[in-house]
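In the working numbering, the protein residues as written are 122 to 368. Where is the CB? At the ideal position from N, CA and C, for every residue including glycine. Since the structure is predicted, the reported quantities are computational estimates derived from the model, not experimental observations.
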């Protein structure tokens with residue numbers, strides 16, 4: 122996909138080619154948007170844009186960099202613009218992902234700040250809010266993820282909060298592709314295994330790893346089960362050293 126942009130001082134507004142956006146619409150959205158009740162890594166703004174309820178996610182560093190740089194970034198190719206491009210490409214290919222609206226980049230004396238606006242998915246809940254998921258539904262989720270990986274999606278931060286479940290239709294939906302990338306070909310098994318290992322870790326952190334207790338891993342690609350086996354092994358090692366430190 123190609124990306125166009127407008128200069129709307131103090132912002133540069135990026136959007137999918139062919140889409141029509143006016144600076145006044147962006148200013149009006151930012152002026153009227155309020156803090157959303159939805160929880161994210163950072164606070165989300167919510168408001169109406171071109172007749173749709175939209176969320177604006179501001180990008181901020183995590184870990185040690187958060188205290189140093191907060192929302193300020195340095196370098197070329199802002200992550201918000203990359204994510205906009207990935208979402209547009211995946212939607213064009215028919216994948217169930219959130220609809221991007223625009224990316225904002227605000228230049229500062231040193232670096233820039235950035236944000237991404239997407240259409241809010243009002244009929245979905247993230248997996249962390251569910252009490253259980255059947256093995257059939259988990260197998261459906263694995264099949265969907267494998268389709269993404271076949272298309273070249275590398276998502277190093279895929280976690281339980283990035284996956285929505287639409288209870289009305291029983292379908293899954295992905296959001297938040299920060300730090301993701303579309304590679305030129307399908308992911309190799311090792312890359313897929315690492316992503317699943319990270320995903321299982323997020324299930325565990327939110328007390329949902331038991332969803333997979335009775336899952337028939339022999340019915341899905343080998344790297345899925347390997348990801349779980351490796352995570353459980355690391356989990357046991359961590360538990361052992363934690364007990365050792367308590368003595």
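Boundaries of the alpha helix (DSSP H) harbouring residue 367: 343-367, taken from the DSSP string. Residue 348 sits buried, since 16 or more C-beta atoms from the chains shown fall within 10 Å of its C-beta. Shown here, residue 297 sits in coil according to DSSP, grouped into three states, outside any helix or strand.
In chain order, 310, 313, 314 place their CB closer than 6 angstroms to the CB of residue 344, counting only its own chain and leaving out the 5 sequence neighbours on each side. For the pair residue 365 and residue 357, the Cα-to-Cα distance works out to about 12 angstroms. Look at the region 259-313 and you find these whole runs of beta strand (DSSP E), each 3 residues long or longer: 284-287, 292-295. The bridge partners DSSP lists for residue 240 are 175.
In this structure, residue 304 lies away from residue 293, with their beta-carbon atoms at least 8 angstroms apart. A residue is called buried once 16 or more other Cβ atoms fall within 10 Å of its Cβ, and residue 277, having fewer, is exposed. Around the beta carbon of residue 239, 16 or more other beta carbons sit within 10 angstroms, so the residue counts as buried.
In this structure, residue 222 sits away from residue 201, with a CB-CB distance that is not shorter than 8 angstroms. By the neighbour-count criterion, in which a residue is buried when 16 or more other Cβ atoms sit within 10 angstroms of its Cβ, residue 235 is buried. For residue 209, the enclosing alpha helix (DSSP H) starts and ends at 200-213. For residue 232, DSSP assigns no beta-bridge partner whatsoever. Out of 175, 328, 213, the CA that lies nearest to the CA of residue 242 is found in 175.
Collapsing the DSSP output to three states places residue 195 in coil. For residue 150, no beta strand (DSSP E) segment is defined; the enclosing uninterrupted segment is the alpha helix (DSSP H) at 144-153. As DSSP reads the structure, residue 168 sits in a beta bridge with 175.
Cα atoms of residue 146 and residue 340: separation of roughly 50 angstroms, rounded to the nearest angstrom. Relative to the Cα of residue 140, the nearest Cα in the group 217, 289, 159, 123 belongs to 123. Closest by C-alpha distance to residue 272, out of 300, 212, 230, is 212. Of the candidates 367, 361, 321, the residue whose Cα lies closest to the Cα of residue 350 is 321. By a beta-carbon distance limit of 8 angstroms, residue 166 does not contact residue 142. Their separation comes to about 17 angstroms.
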